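Below is one structure, written out as structure tokens; the observations come after it.
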Amino acid sequence: MTKEQRELYDYFEHFWDDLKKKAPKKPKKRDAGKEMANFLRELDFSFHPLKSKEEKQKNYIRGSGSAKSQNCILKMHYVQDKHKHLAFLTEYMTQLDKNDIDEKPFLFSDIEVDKTFFDSYQKIMADLHFRFIISPESQDVDLHVATKVFIEKLNSLYGYQLNWVGCIHENTNHRHAHVLINGVDKNGRSVRFPKSFVKETGRMMVQNICTGLVGFRTSKEILQKKGQEPFLERFTSIDEDLLSIEQKLGVQNEHFSTFVLTRTEKQNERCEKLVELGLAKKLQSKENCFWLENNWNEKLRILGKVNVYKKARANMKLVHPGKLELWDDTKPEMDGIVTQLLYKNDEENWINAVVVENARLQKAYLIPFPDEMPDYRVYTQFVHCGKYISKKGRTYPKLQVYREANR
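Going by the UniProt record's numbering, the sequence shown opens with residue 1, and the numbers climb by one from there.
Pasting the structure below:
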């Protein structure tokens, strides 16, 4: 770390101590304008029109259909709170809040990040900001270069001159980049990204960048990745095979309804992983026989999308883990006790979520809260799990403490 970076981090520490004494009130949440989102979706489509299946198969650079392109995860969410914006930049990205990390990551941008940069950034810091995570499969990708190319492509695609800061975190099993983008660009324009950006454009963009930096994956690398498939914590092609050979149990069991007799080493390894995840049970009397939990395949799909599902299952208090369901607006309303508050931290937990359990019904919900968590005081309270419809017609979960729900 350079002398200038060290001075900046020392400044952050004193700055944040002062800031905590006068934390501002949280601003009212507002969604991005629907007209702007629609316009950006149309703009996105004009740059990348949909292609036929045949054309996609011919394209080795664009699209996720190429088996040889580098794999890369891209995640994004936005927050509308200047206090959190500042905290994310000065504490989280720098990892000044983590005492166990000696070598702190340094911040970078299109110019040097020093105190002058920070002062300028703070002056135009908006409530709205976007947090991206770029996590390539290959550890050979230069994440500094990849991040800068990613920003250049965003500027080119949407016509922005983005205000942004990046950093590389290496304290997890997989090194990754965090990118913070201010909600106002250098020309004073409001920054917005369409909802479809990450899924339809962004992931292809970072895959192409990584492929351009380190080349296509070799056959050996693809085979190595295939060898990891039995141990992945999401639904895989091996699970498709298990579905085709599973059979109904001849005995009644509350939590298990089917079983498989594994035929290959990969199927056996996969079932062992399902046992580890709590979705299967190995029969001691038969080496290749595994009982599968009810709806195990759907629960695997949930685990692949909502990574806190695994943690929630492991910490159930009143109900069997197999009864935990992911809440959506089709689920019936339910009373229960709040037994877990799972806060988003951008690395381990990708979403805010609450677990509500009902011991009498043997039923439980994992309820995602995309914007903001309920008040922490709901923990251990008896609540009513309902829903409400926003002015824009979107359905959101709603928790009411029991005494309020029954007035």
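We put the CB at the ideal spot given by N, CA and C, even for glycine. As the structure is a prediction and not an experimental result, all values here were calculated from the model.
For the pair N182 and H129, the CB atoms are nearer than the 8 Å cut-off. Taking C-beta atoms as the reference points, R234 and G278 fail to come closer than 8 Å. The residues V260, in chain order, have a CB closer than 6 Å to that of I245 in the same chain once the five nearest residues on each side in sequence are set aside. Straight-line spacing of the CA atoms in L232 and R301 works out to 11 Å. When C-beta atoms of the stretch 246 to 260 are compared with those of the stretch 210 to 222, fewer than three pairs fall below 8 Å, so the two segments do not count as touching. For the options H144, R203, N294, the alpha carbon positioned closest to that of H169 is the one of H144.
H384 and K398 have their alpha carbons spaced roughly 8 Å apart. DSSP places I151 in the helix class (H, G or I) of the three-state scheme. In this chain, the alpha helix (DSSP H) harbouring S244 covers 237 to 245. DSSP places F106 in no beta strand (DSSP E); its state is neither H nor E. Rounded to the nearest angstrom, the gap between the Cα atoms of Q122 and T262 is 59 Å. Counted as a single uninterrupted DSSP element, the beta strand (DSSP E) harbouring Q80 occupies residues 72 to 80.
F369 and K344 have their C-alpha atoms roughly 10 Å apart. In this structure, the beta-carbon distance from T395 to D329 falls below 8 Å. Y365 sits buried, since 16 or more C-beta atoms from the chains shown fall within 10 Å of its C-beta.
The beta carbon of V165 is closer than 8 Å to those of L89, M93, L107, F108, S109, V113, Y121, V179, L180 in its chain, skipping five residues each way along the sequence. In this structure, T147 and I134 form a Cβ contact; the two beta carbons are roughly 6 Å apart against a cut-off of 8 Å. T218 is classed as exposed because its beta carbon has fewer than 16 other beta carbons within 10 Å across all chains shown.
Under a 10 Å Cβ-count criterion, H176 is classified as buried, with 16 or more other Cβ atoms of the shown protein chains found around its own Cβ. Each of G386, V356, L74 was checked against the Cα of L318, and the nearest Cα belongs to V356.
For P374, the closest C-alpha among the options K311, V354, F290 is that of V354. Non-local C-beta neighbours of L243 in its own chain, meaning closer than 8 Å and more than five positions away in sequence, comprise N297, ordered along the chain. Apart from the 5 residues on each side of it in sequence, R270 sits with its Cβ closer than 6 Å to the Cβ of P230, I238 in its chain, given in chain order.
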